[in-house]
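Chemist: What follows is a single structure, and I will ask about it in a moment.
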């Protein structure tokens with residue numbers, strides 16, 4: 003290490019300490035700055051350029067943004083992403099909280115059920131999406147077969163799930179809830195461990211029933227956890243892409259007007275149309291949305307921390 | 012509460028558990044069952060959960076239909092290299108952030124924290140341009156460089172190191188141990204829980220990564236299990252039985268790793284939730 007030799011030449015102790023510290027950080031920081039920091043700054047610059055990667059770069063000012071605001075597919079994508087977020091966030095939260103409350107009870111085999119609830123979160127998306135698209139296949143899938151048996155409606159009158167433009171977003175919402183609620187359940191379970199059990203005891207002594215205890219103790223005590231889950235869920239649903247591709251797209255990875263999402267627009271503009279500038283303009287919108295949510299989260303956490 | 016009311020509550024709770032198990036496990040059970048059927052029998056209704064003549068050959072045919080072995084080897088290679096790099100570089104950097112004083116420490120750390128919140132999708136395009144300029148398109152190196160230096164790993168390790176008393180390092184310094192020695196001989200052995208958490212998070216992230224390999228790996232022989240399996244599904248969309256056997260095979264490694272390291276995973280998720 004040349005820091006050692008320099009030190010012998012009379013480098014101050016402080017400088018030597020700095021060098022040692024930098025040597026610890028360097029392996030990570032070099033990779034981190036090259037492949038995260040630089041692209042991040044690059045992304046901002048790109049949004050005011052027009053470039054396909056080979057022809058000369060052109061400065062276009064806000065043209066990319068003007069084009070984006072006129073682009074019908076961008077608005078479709080934003081609308082679908084918002085719809086998906088509006089469905090996924092409250093329902094996943096409710097499901098995760100319900101699961102956590104249930105699996106926080108002293109029940110037989112609760113560890114097994116925790117594992118079962120969590121496993122879809124780590125399961126390979128492509129594999130579970132494949133089984134879902136079979137289960138929800140409109141004409142032959144077991145889900146519609148069962149619905150047919152119960153309702154006696156012809157299959158053509160039943161929801162077409164992923165292939166039905168009215169049911170497409172709800173289908174992907176169900177899938178997402180099923181796949182990720184176990185993750186948020188774990189966060190809620192951790193939050194529940196922090197609720198002081200004495201609060202429940204004194205409330206019981208005061209004659210509070212289960213519903214009141216839930217409303218006046220559990221809900222307020224879980225507020226920081228709920229807030230955290232809410233923020234992470236919103237951020238994650240704005241970043242959605244792979245679930246939509248695996249549920250809706252064919253071999254060409256193309257999504258239609260009813261199923262395209264923000265990240266799909268970025269991907270398309272960059273890797274299909276080779277318009278890096280335009281792609282970065284859309285990416286900036288995603289970045290700003292996430293940034294605003296993060297700032298809210300930061301402020302909120304300070305409030306809860308007090 | 013009266014005894015009978017208590018019993019009723021317990022019955023309801025167990026019923027809820029039963030519904031939960033059904034909802035979560037039915038897709039996997041159906042997958043397993045379909046993976047042992049002829050494609051023409053997969054959708055027969057009522058469902059025959061245990062096939063009369065299980066078609067075990069689905070599990071051998073899939074290997075010749077697609078280079079599943081190569082896909083698995085590629086994914087395993089990427090997972091191992093990325094996880095090791097991730098463990099080394101983040102535990103190393105985090106030591107400086109947690110236990111050393113130096114110029115620019117807080118500023119640098121703020122830089123790391125700030126990027127955790129930035130969605131990767133917002134800068135994946137310029138990242139791709141940089142990789143292409145480095146001629147790394149269609150190489151595993153691109154995927155490795157993309158994922159090996161995460162800010163999240165540094166953050167997690169630093170949080171953990173901060174829970175280890177500084178006096179331990181001070182004592183070692185007085186004994187004449189170098190900072191590298193303290194890192195290797197004292198801190199690393201103590202941080203097994205954090206290292207395990209990072210291991211399983213990275214494993215799951217790399218094994219299940221979709222968009223990264225989709226952008227960078229277009230050559231079949233480089234593909235990972237996720238996009239390889241997806242390629243098969245879209246090419247042979249009517250081979251239901253084989254698609255399901257391929258899916259089961261893709262799930263097995265995750266299941267094994269998950270079951271053996273589950274404790275650390277759950278603790279990791281829980282602590283990230285508490286810390287925020």
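Residue numbers (my numbering), protein chains in the order written: chain X, 3 to 308; chain R, 12 to 287.
Cβ coordinates follow ideal geometry from the N, Cα and C atoms, glycine included.
Closest by CA to residue 235/X, which one among 18/X, 87/X and 277/X?
Modeler: On the first chain, position 233 is the one that residue 235/X refers to. Here the closest residue by C-alpha is 87/X.
Chemist: Can you tell me where the alpha helix (DSSP H) holding residue 101/X begins and where it ends?
Modeler: Translated into positions along the first chain, residue 101/X becomes position 99. It spans 74–105 - the alpha helix (DSSP H) in which residue 101/X sits, taken as one unbroken run.
Chemist: Determine which residues of the region 285–302 of chain X have a Cβ less than 8 Å from any Cβ of chain R, and write them out in chain order.
Modeler: 285, 286, 288, 289, 292, 293, 296 and 299
Chemist: Going along chain X, which residues have a C-beta under 9 Å from residue 3/R?
Modeler: Coverage of chain R is limited to positions 12 through 287, which leaves residue 3/R absent and any answer about it impossible.
Chemist: Using the three-state DSSP reduction, which class does residue 250/R fall into: helix, strand or coil?
Modeler: Reading the second chain from its first residue, position 239 is the one you call residue 250/R. Residue 250/R falls in the coil class under three-state DSSP.
Chemist: Mapping the DSSP letters down to three states, classify residue 202/R as helix, strand or coil.
Modeler: As a position in the second chain, residue 202/R is number 191, starting the count at 1. Note: residue 202/R maps to coil in three-state DSSP.
Chemist: Pull the bridge partners of residue 51/X from the DSSP assignment, please.
Modeler: Position 49 of the first chain, counted from the first residue, corresponds to residue 51/X. The partner list for residue 51/X (beta bridge, DSSP) reads 61/X.
Chemist: Going by DSSP in three states, residue 303/X sits in which element: helix, strand or coil?
Modeler: As a first step, residue 303/X must be located in the first chain, where it is residue number 301. Correct three-state label for residue 303/X: helix.
Chemist: What are the uninterrupted segments assigned as alpha helix (DSSP H) that are 4 or more residues long and contained completely in the region 234–289 of chain X, given in chain order?
Modeler: Every unbroken stretch of the alpha helix (DSSP H) spanning 4 or more residues and falling wholly within the region 234–289 of chain X is given here in chain order: 244–250 and 264–269.
Chemist: What is the DSSP secondary structure of residue 134/R, counted as helix, strand or coil?
Modeler: As a position in the second chain, residue 134/R is number 123, starting the count at 1. Correct three-state label for residue 134/R: coil.
Chemist: Under 8 Å by Cβ, that's how I've got residue 202/X and residue 219/X pegged, so tell me the actual separation to the nearest angstrom.
Modeler: Locating residue 202/X in the first chain gives position 200, where the first residue counts as 1. Locating residue 219/X in the first chain gives position 217, where the first residue counts as 1. Cβ-Cβ separation between residue 202/X and residue 219/X: approximately 6 Å, consistent with a contact (criterion under 8 Å).
Chemist: Please classify residue 30/R as buried or exposed, where buried requires at least 16 other C-beta atoms within 10 Å of its C-beta.
Modeler: One-based indexing of the second chain puts residue 30/R at position 19. Counting Cβ neighbours within 10 Å, residue 30/R comes out exposed, since fewer than 16 surround it.
Chemist: What's the C-alpha gap between residue 93/R and residue 114/R?
Modeler: Indexing the second chain from 1 puts residue 93/R at position 82. Indexing the second chain from 1 puts residue 114/R at position 103. Using only the alpha carbons, I get a separation of about 30 Å.
Chemist: Spatial neighbours of residue 62/X within its chain, please: CB distance less than 8 Å, with the 5 preceding and 5 following residues excluded, ordered by chain position.
Modeler: The residue you call residue 62/X lines up with position 60 of the first chain. Excluding positions up to five away in sequence, the list reads 50, 51, 52 and 279.
Chemist: Reducing DSSP to helix, strand and coil, say where residue 59/R ends up.
Modeler: Taking the first residue of the second chain as position 1, residue 59/R is located at position 48. Note: residue 59/R maps to coil in three-state DSSP.
Chemist: Residue range of the alpha helix (DSSP H) that residue 223/R falls in?
Modeler: Position 212 of the second chain, counted from the start, is the residue given in the question as residue 223/R. First-last of the alpha helix (DSSP H) with residue 223/R: 222–227.
Chemist: Give the secondary structure of residue 234/R by DSSP, where H, G and I count as helix, E and B as strand, and everything else as coil.
Modeler: Numbered from 1 along the second chain, position 223 holds the residue referred to as residue 234/R. When DSSP states are grouped into helix, strand and coil, residue 234/R belongs to the coil group.
Chemist: Can you find a CB in chain R that lies within less than 8 Å of the CB of residue 20/X?
Modeler: The residue labelled residue 20/X in the question sits at position 18 within the first chain. Closer than 8 Å: yes.
Chemist: Please classify residue 56/X: is it buried, with 16 or more other beta-carbons within 10 angstroms of its beta-carbon, or exposed?
Modeler: Reading the first chain from its first residue, position 54 is the one you call residue 56/X. When all chains shown are included, residue 56/X counts as exposed.
Chemist: Does any CB atom of chain X fall closer than 8 Å to the CB of residue 126/R?
Modeler: Position 115 of the second chain, counted from the first residue, corresponds to residue 126/R. Residue 126/R counts as touching chain X.
Chemist: Per the contact definition of three or more C-beta pairs closer than 8 Å, is the region 69–79 of chain R in contact with the region 249–257 of chain R?
Modeler: yes
Chemist: Along chain R, which residues have their Cβ under 7 Å away from the Cβ of residue 134/X?
Modeler: Position 132 of the first chain, counted from the start, is the residue given in the question as residue 134/X. Those are 38, listed as they occur along chain R.
Chemist: Taking Cβ-Cβ distances below 8 Å as the criterion, which residues of the region 143–169 of chain X are in contact with chain R?
Modeler: 143, 144 and 147
Chemist: Quick check: is the beta carbon of residue 305/R nearer than 8 Å to any beta carbon in chain X?
Modeler: Past the edges of chain R, shown from 12 to 287, lies residue 305/R, and the structure says nothing about it.
Chemist: Please classify residue 178/R: is it buried, with 16 or more other beta-carbons within 10 angstroms of its beta-carbon, or exposed?
Modeler: Counting from one through the second chain, the residue named residue 178/R turns up at place 167. Residue 178/R should be labelled exposed.
Chemist: Between which two residues does the alpha helix (DSSP H) harbouring residue 164/R extend?
Modeler: Position 153 of the second chain, counting from 1, holds the residue named residue 164/R. From DSSP, the alpha helix (DSSP H) with residue 164/R extends over 162–173.
Chemist: What's the gap between the Cα of residue 38/X and the Cα of residue 271/X?
Modeler: Working through the first chain from its first residue, we reach residue 38/X at position 36. Working through the first chain from its first residue, we reach residue 271/X at position 269. Cα-Cα distance, rounded: 21 Å.
Chemist: Just to confirm the assignment, what range does the alpha helix (DSSP H) spanning residue 72/R have?
Modeler: Within the second chain, the letter at position 61 stands for residue 72/R. Looking at the DSSP string, the run of the alpha helix (DSSP H) that includes residue 72/R is 68–76.
Chemist: Buried or exposed, going by whether 16 or more other CB atoms sit within 10 Å of the CB of residue 265/X?
Modeler: Position 263 of the first chain holds residue 265/X. Buried is the call here.
Chemist: Counting Cβ pairs closer than 8 Å, one from the region 82–102 of chain R and one from the region 201–211 of chain R, do we hit at least three?
Modeler: yes
Chemist: Do you know how far the Cα of residue 15/R is from the Cα of residue 297/X?
Modeler: Your numbering for residue 297/X matches position 295 in the first chain. Your numbering for residue 15/R matches position 4 in the second chain. Whole-angstrom Cα-Cα distance: 50 Å.
Chemist: Excluding sequence positions up to five away, which residues of its chain have a Cβ less than 8 Å from the Cβ of residue 138/X?
Modeler: In the first chain, the residue the question calls residue 138/X occupies position 136. Counting only Cβ-Cβ distances below 8 Å, and skipping sequence neighbours, we find 145, 146, 163, 164 and 173.
Chemist: Pick out the complete alpha helix (DSSP H) segments inside the region 14–41 of chain X, 4 residues or longer, and give them in chain order.
Modeler: 15–34
Chemist: Please classify residue 125/X: does DSSP put it in a helix, a strand, or coil?
Modeler: For this step, residue 125/X is matched to residue 123 along the first chain. Here residue 125/X sits in coil by DSSP.
Chemist: If distances are taken between C-alpha atoms only, which option among 125/X, 106/X, 288/X and 47/X comes closest to residue 128/R?
Modeler: Working through the second chain from its first residue, we reach residue 128/R at position 117. Taking only the C-alpha atoms, the option nearest residue 128/R is 288/X.
Chemist: Quick one, which residues of the region 81–104 of chain X are near chain R if we go by CB-CB under 9 Å, in chain order?
Modeler: 100, 101 and 104
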